[in-house]
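Residue numbers (this note's numbering): 28 to 240. In this text, a Cβ means the ideal position worked out from N, Cα and C, and glycines have one as well. Since the structure is predicted, the reported quantities are computational estimates derived from the model, not experimental observations. These notes are about the structure you will find just below.
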Amino acid sequence: MTYSLVIFDLDGTLADSFPWFRHHVNGVADRYGFRRVADEDVESLRHAGSREILDHLEVPLWKLPLIARHMRRLKGLHISDIPLFDGAEMMLRKLADGGFRLALVSSDSEGNARKQLREAAALFSYFDCGASIFGKAAKFRRVVKRAGIKPAQAIAIGDETRDIEAARAAGIACGAVQWGFAAPQALKALAPDLMFERMEDIVRALGTATGAR
């Protein structure tokens, strides 16, 4: 299938935010009363699904909106400390030049996302941010509707198992990057439509969108 819309996740997919997250997460844990992340926990969490991670950290679902709002505010204070991955902006420009429309669906705020993307933000036709941890499927559907295309013409690219699950729930294709939070084995176990080992693989795999609109 030739896709015409590529929907990206931000953290762990375009932005190298895990070092920042790792530095701040235990302070957030102390503030909101959930379990701290020990160094020895990180690798096992990379192989776990979102619900398993929440269970391990003992985070009640009712606290998730509070934690998410706090993390967005905190991240907004440190945007300059969180770079895009090498090659991310070039990859986005090549896709746009190839005829793809780009969208961003993220748990972060649109303001933070635009600041983080800098000049590359202008390459995106659609932003739908502030997604809850299990709320991406609805946002995928909304972006596809705004784009005026069939679900089969869209692909969502992310770095976590929940990105794959949300794409499947929304009836769109899914691609998984191997440089983000989730371990490649955990992503492969869900059989995404495409997997990307390097940033440049995205452009190579998707080609151009000529005729797909």
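Quiz prompt | 4-residue-minimum alpha helix (DSSP H) runs that sit fully inside the stretch 102-170, ordered along the chain | solution = Complete alpha helix (DSSP H) runs here, min 4: 115-124 and 137-144.
Quiz prompt | Residue span of the alpha helix (DSSP H) that contains residue 80, given as start and end | solution = Residue 80 -> alpha helix (DSSP H) spans 77-84.
Quiz prompt | Distance between beta carbons of residue 117 and residue 229, contact taken as under 8 Å | solution = Residue 117 and residue 229 do not touch by the CB rule: their CB atoms are close to 11 Å apart, not below 8 Å.
Quiz prompt | residue 69 burial status per 10 Å Cβ neighbour count (16 or more: buried) | solution = The residue in question, residue 69, is exposed, as its Cβ has fewer than 16 Cβ neighbours within 10 Å.
Quiz item: What three-state label does DSSP hand residue 200 in the structure shown?
Solution: Strand at residue 200.
Quiz prompt | Minimum C-alpha distance to residue 149 - residue among 155, 215 and 141 | solution = Considering only alpha carbons, the answer is 141.
Practice problem: Name the two residues that bound the continuous beta strand (DSSP E) containing residue 33. | Solution: Start and end: 32-35.
Quiz item: Between the stretch 103-114 and the stretch 78-93, do three or more beta carbon pairs fall short of 8 Å?
Solution: Put simply, the stretch 103-114 does not touch the stretch 78-93. Fewer than three CB pairs are less than 8 Å apart.
Exercise. Please name the residue or residues paired with residue 38 in a DSSP beta bridge.
Key: For residue 38, which the question treats as bridged, DSSP gives the partners 42.
Quiz item: Counting pairs of beta carbons, one from the stretch 157-165 and one from the stretch 127-137, are three or more of them closer than 8 Å?
Solution: They touch, by the three-pair rule.
Quiz item: Nearest-angstrom Cα distance between residue 241 and residue 73?
Solution: Here the chain has residues from 28 to 240 only, and residue 241 is not among them.
Quiz item: Between which two residues does the beta strand (DSSP E) containing residue 221 stretch?
Solution: From DSSP, the beta strand (DSSP E) with residue 221 extends over 221-223.
Quiz item: How should residue 189 be labelled, buried or exposed, when 16 other C-beta atoms within 10 angstroms of its C-beta is the threshold for buried?
Solution: Buried is the call here.
Self-check item: Residue range of the beta strand (DSSP E) that includes residue 183
Solution: That run of the beta strand (DSSP E) goes 181-185.
Quiz item: What did DSSP end up calling residue 90 once you bin it into helix, strand or coil?
Solution: Three-state result, residue 90: helix.
Exercise. Just tell me which of 162, 101 and 195 has its CA closest to the CA of residue 51.
Key: Closest option to residue 51, Cα to Cα, is 101.
Exercise. Output the distance between the C-alpha atoms of residue 224 and residue 211, rounded to the nearest integer angstrom.
Key: So the two alpha carbons sit approximately 9 Å from each other.
Quiz item: Comparing the CB of residue 109 with every heavy atom of the ligand ATP, is any distance shorter than 7 Å?
Solution: As presented, the structure is devoid of all ligands, the ligand ATP included, so that no description of it is given.
Exercise. Taking 8 Å as the threshold, find out whether the stretch 58-67 comes into contact with the stretch 204-218 through three or more Cβ pairs.
Key: Counting C-beta pairs closer than 8 Å gives fewer than three between the stretch 58-67 and the stretch 204-218, which falls short of the contact rule.
Quiz item: Buried or exposed: which applies to residue 218, given that a residue is buried once 16 or more other Cβ atoms fall within 10 Å of its Cβ?
Solution: Using a 10 angstroms sphere on the CB of residue 218, the tally of other CB atoms stays under 16, which defines it as exposed.
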